[in-house]
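Undergrad: Sharing a structure below in structure tokens format, with a few things to ask.
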Amino acid sequence: MFFKRIKTISSEKFLTTVLNTRSKHYSSEKIKTVGVLFHYDYFDDYDFFRTLFTDLGLNDNHLRFIAFYQKENNQPNSWDASYTTADFDWLGHCKSAEVSEFVAQHFDLLVSFYKPNRYELKIVSAMSKARFKVGISNEDERLHDLIIDVALKDQGTFKVELVKYLKTLNKI
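Residues in the sequence shown are numbered consecutively from 10, following this note's numbering.
Next comes the structure, spelled out in structure tokens:
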């Protein structure tokens, strides 16, 4: 119990440090590359995002996914980038090479499509080098540049709102 509390405190401190060091450079450049982060136990519809972004004229090979999962029996396919709670040390730092590679990429857009919030998902969103970050959870407003507060099952509304805001911001 004591060690779990220490892990929570040190993880939240690390998250705050990462969020405070983020430099926000907004530009009106069009979106060419997209990263998608989601909780695989609650949402696993890759085709929704593929269809969404190919409809917007984005090439399929410029779309990258990473999934977090908790339940061993829900493990994504071997060709999908994924990580789990075991990939984090007690200070909250991720040891996974797949996560390191994902957060190092300079995406034009990062879509964080997850609810409920978990530290393992928030830290990947925070560490990402994406220029523009979109999320669906308003629990921690520091994580994203645009928050579209919808339920996971309400994909149609998310799609409409995302396209509307991206057009307004001249991103597509």
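Beta carbons are placed, not taken as given, at the ideal position from N, Cα and C, and that holds for glycine.
Only a predicted model underlies this, so the values are computations on that prediction, with no experimental measurement involved.
#1: How far does the beta strand (DSSP E) with Gly144 in it extend, from its first residue to its last?
#2: Determine the closest residue to Ala90 out of Arg31, Ala76, Ile157, with distance taken between C-alpha atoms.
#3: Cutting at 6 Å between CB atoms, please list the residues of its own chain near Leu28, excluding the five before and the five after it.
#4: Should the stretch 128-142 be regarded as contacting the stretch 40-51, the criterion being three or more beta carbon pairs within less than 8 Å?
#5: If you draw a straight line from the alpha carbon of Ala113 to that of Ser105, how long is it in whole angstroms?
#6: Return the first residue and the last residue of the alpha helix (DSSP H) that Gly165 is part of.
#7: Assign Leu189 to one of two classes, buried (16 or more other C-beta atoms within 10 Å of its C-beta) or exposed (fewer than that).
#8: Leaving out five residues before and five after Glu34 in sequence, what residues of the same chain have Cβ atoms less than 8 Å from its Cβ?
#9: Excluding sequence positions up to five away, which residues of its chain have a Cβ less than 6 Å from the Cβ of Ile156?
#10: Among His102, Phe167, Gly66, which has the Cα closest to the Cα of Lys180?
#11: Taking buried to mean at least 16 other C-beta atoms within 10 Å of its own C-beta, is Val169 buried or exposed?
#12: Considering only the alpha carbon of each residue, which of Leu175, Leu178, Thr177, Asp163 lies closest to Phe57?
#13: Below 8 Å on the Cβ atoms is my contact criterion, and I expect Glu129 with Phe167 to pass it. Report the Cβ-Cβ distance as a whole number of Å.
#14: Quick one: give me the first and last residue of the beta strand (DSSP E) that Leu77 is part of.
#15: For Ser32, which of Asp154, Lys176, Ala160 has the nearest alpha-carbon?
#16: Please identify the residue among Glu110, Thr63, Glu107, His115 whose C-alpha is closest to the C-alpha of Val172.
#17: How is Val133 classed by DSSP in three states: helix, strand or coil?
#18: Ignore the nearest five residues each way along the sequence and tell me which others in Glu107's own chain have a CB closer than 8 Å to its CB.
TA: Based on what the coordinates show:
#1: 142-144
#2: Ala76
#3: Ala135, Arg151
#4: yes
#5: 12 Å
#6: 164-177
#7: Summary: the structure shown does not reach residue 189, with the chain confined to residues 10 through 181, and so no result is reported for it.
#8: The displayed chain sequence assigns His, not Glu, to residue 34. Counting only Cβ-Cβ distances below 8 Å, and skipping sequence neighbours, we find Arg140.
#9: Gly144, Asn147
#10: Gly66
#11: exposed
#12: Asp163
#13: The Cβ separation is near 22 Å, so there is no contact.
#14: Just to set this straight, residue 77 is Phe in the shown sequence, not Leu. Unbroken beta strand (DSSP E) run through Phe77: 72-77.
#15: Asp154
#16: Thr63
#17: helix
#18: Ile75, Ala90, Ser91, Tyr92
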